[in-house]
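Under the working numbering, residues 5 to 689 are what the sequence shown spells out, in order.
What follows is one structure encoded as structure tokens, with my remarks underneath.
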Amino acid sequence: MLGETLIIILIVAAVIVFGTIALVASFYKKIPQGKVIVRTGVGGSKVFFNGGMVVPILHRMEVMDISVQNFEINREGKNGLICKDHLRADIRVAFFVRVNRDNVMDVAQAIGCERASDTSLLINLFEAKFSEALKTVGKQFDFIDLYNSRDELNNMVRKAIGTDLNGYILEDCAIDHLEQTPPSFLDPDNILDSEGIKKITEKTAEQKILANKIRNDEVKTIKKQDVERKEAVLELEKQQSEAEEKQKREIANIRSRENSAASMVEQEERLKAENARIRVDEELEIANQNKERQVIIAQKNKEKVDAVESERLEKERMLEETEREKIVSLAQIAKEKALEEEKRNIQDVIKERIILEKSVVEEQEKIKDTQAFAEAERLKKVSITKAEQEAEEELLKEVKSAEAQRQAAEIKAKQKRIDADADFMIAEKQAEATKVLAKAKVEDEAAQGLAEAKVIESKAQAQELQATADAKTIEETAIAEAKGMEAKAQAIEKQGMAEAKVAQEKALVEAQRIKAEAEANKLLDEAGRDLEEFRLKLQMEKDLEMAKVNVQKDIALAQAQIMSEGLKAANIDIVGGDSMFFEKIIQSITSSKSVDRFVNHSQTVQEIKHNLLDSENGNMLENVKNMIAKFGLTSEDIRNLSVSALLLKLSSYTNDSKEKNMLENLMEHAKNTGLADIPVKTLGI
């Protein structure tokens with residue numbers, strides 16, 4: 005019984021204890037973060053931030069929100085914030101405030117716990133103060149500075165508001181909106197607004213002007229860049245076109261040079277073939293086509309003139325090469341002259357000899373000119389005489405049948421006059437061609453003489469002094485003989501011309517007599533009168549030409565006498581008629597002396613002799629054959645070429661300077677010895 009009572013007591017005690025604990029626990033109030041409990045009643049007012057005992061009846065509990073509260077203050081339109089430069093700014097600022105932990109009780113007593121977190125109440129409490137702070141700070145900035153210095157504006161606003169907010173504390177403020185107040189909200193009658201309107205107008209006008217300038221500059225810059233781009237493109241296209249045209253010109257030049265070289269060889273081949281054909285035709289038709297042969301000879305002479313011109317051009321090129329070599333040689337000689345005084349003395353002697361040789365060459369060329377002109381005049385007269393003789397023969401035949409066939413006689417007489425004129429023109433052309441050939445030959449030989457003299461000067465040695473004395477003696481003898489012959493020939497020629505003049509005067513008297521007889525024949529009919537006049541005219545011309553032939557005969561006799569004196573002891577075979585043998589002999593004598601002097605006194609010719617005749621193959625033909633085999637040429641490739649053309653072709657195949665010099669020496673040797681125009685096939689190559 006006692007035990008049960010004890011248990012009951014223990015149970016009751018436990019219930020009481022647990023009940024007490026539960027009751028006490030129900031009196032303890034907790035609070036979430038951002039809020040506090042304000043307890044009033046027994047024990048006075050207390051603030052609990054985490055939790056506290058609130059006994060009903062004894063205590064009263066209120067909850068206050070101490071978290072951050074935000075509200076905005078707007079100053080826009082007519083109420084916009086006035087800046088230092090009198091511009092208005094539309095501004096919207098968000099302020100963040102909360103109750104200070106140390107002043108919770110003060111706020112609760114002044115405002116109350118429920119109203120402490122009411123946003124509208126906060127606006128009413130702080131709007132005036134915050135607006136004043138904004139005005140104060142905004143007046144310190146121009147609008148542009150205000151817009152660009154928001155952080156500084158924020159700090160200055162917080163500084164102006166301070167910390168005395170009746171228990172509240174300003175956590176932060178943020179400028180949410182800041183723009184210039186539109187001019188439509190400004191009052192023109194307001195001094196500050198009028199200043200702002202003025203400033204806005206000035207600023208906007210300046211900006212519009214600047215913007216317009218920028219747009220114009222943009223257009224100009226774009227246009228300028230477009231123009232520069234087009235100019236650059238056009239310039240590049242121009243350069244491209246110039247480069248293309250230049251390339252085309254270079255290609256055309258190369259092709260032209262190649263075509264010219266091929267054409268030159270082709271023309272030379274054709275010329276040689278044509279010469280061969282003409283020679284064959286001459287041999288076949290020489291007996292019965294005398295007139296046609298004269299025409300072919302004239303054509304051949306024309307072609308020879310062309311060939312001589314081509315040869316002259318080639319010689320000029322080779323002379324230029326010789327001139328370049330001479331310059332190099334003279335430079336070397338100048339260097340040697342500076343070292344050896346004795347050589348300068350030798351060169352002075354050589355120069356005197358060269359001047360003497362030059363004068364001899366000039367005298368020889370003058371003699372050749374005289375001979376060439378005399379030959380041309382002789383050929384002209386012979387052609388005229390032959391034509392007149394043929395006309396006379398034809399006339400005699402026509403006169404026999406003139407009475408029966410007057411009309412035919414008249415026609416044939418006119419034809420004969422035409423033929424005579426043609427023969428006369430052919431003779432004139434032949435004489436002109438002969439003059440051109442003579443002139444070209446004179447210039448060629450003079451140029452060769454000068455070039456050889458310059459080469460001799462550069463390569464001469466002391467041993468040439470004795471040869472100079474011998475050459476001078478020979479040259480003086482040749483000059484004396486040539487002058488004597490020339491004087492005799494001139495005397496004979498003058499005598500012949502005087503006789504020709506007398507004959508001409510006689511012919512004129514005879515012509516006057518014929519004219520008188522013709523006047524007496526006026527009663528004859530027109531055809532007979534013309535025929536008679538033509539016959540008489542032919543007779544007059546015949547007499548005149550016969551007188552000229554007699555003069556030529558006297559000249560030929562005088563030449564024969566002159567030559568007989570110089571050739572009494574000579575054993576010479578003479579080929580040719582008329583005065584041809586005289587020219588050939590004079591030319592042979594002059595050429596032989598020139599060649600002998602050239603060979604004996606020219607170091608270059610001695611080198612050519614060594615290269616051609618003293619080589620390991622033995623002679624020029626073997627050297628040429630070896631080079632032809634070396635370059636892979638066949639007999640078909642060279643059979644129609646001349647010696648000069650073959651040497652030029654071989655020179656184009658080789659790049660060896662030694663071989664080129666050898667070929668150039670061969671070319672000079674061939675020209676000097678008259679082998680340049682000989683066909684290669686005649687040499688057995």
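Glycine included, every Cβ here is placed at the ideal spot set by N, Cα and C.
The structure presented is a predicted model; accordingly, all values stated were derived computationally and were not measured.
(message) On the DSSP letters alone, give me the boundaries of the alpha helix (DSSP H) that Lys212 sits inside.
(response) Ile195 to Glu289
(message) Within the continuous alpha helix (DSSP H) that includes Asp149, where are the two ends?
(response) Phe147 to Asn152
(message) Strictly by DSSP, which residues pair up with Thr44?
(response) Arg64
(request) Give the single residue among Ala265, Val365 and Lys384 whose Cα lies nearest to the Cα of Ser656. (result) Ala265
(message) On the DSSP letters alone, give me the boundaries of the alpha helix (DSSP H) that Ala112 sits inside.
(response) Val108 to Ala114
(request) Let me know if Ala574 comes out buried or exposed under the rule of 16 or more other beta-carbons within 10 Å of its beta-carbon. (result) For Ala574, the predicted model reports a pLDDT of 47, less than 50, meaning its position is unreliable; a value from the coordinates is still stated below. Exposed: under 16 other Cβ atoms inside 10 Å.
(message) Within a Cβ cutoff of 6 Å, which residues of the same chain sit near Ile179, ignoring the five residues on either side of it in sequence?
(response) Val97 and Arg154
(message) Mapping the DSSP letters down to three states, classify Ser124 as helix, strand or coil.
(response) helix
(request) Let me know the secondary structure DSSP gives Phe75 once reduced to three states. (result) strand
(request) Flag this pair as touching only if the stretch 83 to 93 and the stretch 133 to 146 have three or more C-beta atom pairs under 8 Å; answer yes or no. (result) yes
(message) Suppose you measure from the CA of Arg259 to the CA of Glu286; what does that come to, to the nearest Å?
(response) 39 Å
(request) Identify whether Glu80 lies in helix, strand or coil by the three-state DSSP scheme. (result) coil
(request) For Ile478, name the three-state secondary structure that DSSP assigns. (result) Confidence is the limiting factor: at Ile478 the pLDDT is only 48, short of 50, which leaves the residue's position unreliable, though a coordinate-based value still follows. Residue state, collapsed to three classes: helix.
(message) Along the chain, where does the alpha helix (DSSP H) containing Leu667 start, and where does it finish?
(response) Ser661 to Thr677
(request) Give me the Cβ distance between Lys50 and Ile70, rounded to the nearest whole Å; I'm assuming they're in contact under 8 Å. (result) Not quite, the Cβ-Cβ distance comes to about 15 Å (not below 8 Å), so this is no contact.
(request) Counting only the same chain and skipping the five closest in sequence on each side, list residues whose C-beta sits under 6 Å from that of Val72. (result) Phe100, Arg102 and Glu175
(request) Reducing DSSP to helix, strand and coil, say where His614 ends up. (result) Residue placement at His614 cannot be trusted, given a pLDDT of 49 that sits under 50; the coordinates are not used to answer.
(request) Give the DSSP-derived three-state secondary structure of Phe53 in the structure shown. (result) coil
(message) Comparing C-alpha positions only, which one of Glu663, Arg92, Ala112 and Lys675 sits nearest to Phe147?
(response) Arg92
(message) Tell me which residues share the same chain as Cys117 and place their Cβ nearer than 7 Å to its Cβ, disregarding the 5 neighbours each side in the sequence.
(response) Val42, Glu66, Val67 and Met68
(message) For Thr24, count the other beta carbons within 10 Å of its own beta carbon; 16 or more makes it buried, fewer makes it exposed. Which is it?
(response) exposed
(message) On the CB-based measure, 16 or more other CB atoms within 10 Å of its CB, does Ile576 come out buried or exposed?
(response) The predicted position of Ile576 is uncertain, since its pLDDT is 48 and thus under 50; no value can be drawn from it.
(message) Within 10 Å of its beta-carbon, does Leu129 have 16 or more other beta-carbons around it, so buried, or fewer, so exposed?
(response) buried
(message) On the DSSP letters alone, give me the boundaries of the alpha helix (DSSP H) that Val103 sits inside.
(response) Note, Val103: premise wrong, no alpha helix (DSSP H); beta strand (DSSP E) at Arg92 to Val103.
(message) I need the straight-line Cα distance from Leu240 to Glu246, nearest angstrom please.
(response) 10 Å
(request) Evaluate Lys384 with the Cβ neighbour count: other Cβ atoms within 10 Å of its Cβ, from every protein chain shown; 16 or more gives buried, anything less gives exposed. (result) buried
(request) Give every residue of the same chain whose Cβ lies closer than 8 Å to the Cβ of Asn54, excluding the five residues on either side of it in the sequence, and list them in chain order. (result) Lys34 and Ile35
(request) Work out the CA separation of Val628 and Asn621 for me, nearest whole Å. (result) With a pLDDT of 41 at Asn621, under the threshold of 50, the modelled position of that residue is not reliable, and the figure given next carries that caveat. Distance between the alpha carbons of Asn621 and Val628 is about 10 Å.
(request) Leaving aside the five residues before and after Asp352 along the sequence, list all residues of the same chain whose C-beta is less than 8 Å from its C-beta, in chain order. (result) none
(request) Give the straight-line distance between the Cα atoms of His673 and Ser333, rounded to the nearest whole angstrom. (result) 21 Å
(message) Determine whether the beta carbon atoms of Val690 and Leu190 lie at a separation below 8 Å.
(response) As displayed, the chain neither begins before 5 nor continues past 689, which places residue 690 out of reach and without an answer.
(message) Output needed for His63: all residues of its chain with C-beta closer than 6 Å, excluding positions within five of it in sequence on either side, in chain order.
(response) Arg43 and Gly45
(request) With DSSP as the reference, label Leu182 as helix, strand or coil. (result) strand
(request) Check Asp173 in the structure and name its three-state DSSP category. (result) Going by the sequence as given, residue 173 is Ile instead of Asp. Note: Ile173 maps to strand in three-state DSSP.
(request) For Gly56, I'd like the list of residues in its chain whose CB is within less than 8 Å of its CB, leaving aside the five on either flank, ordered along the chain. (result) Tyr32, Lys33, Ile41, Arg43 and Lys50
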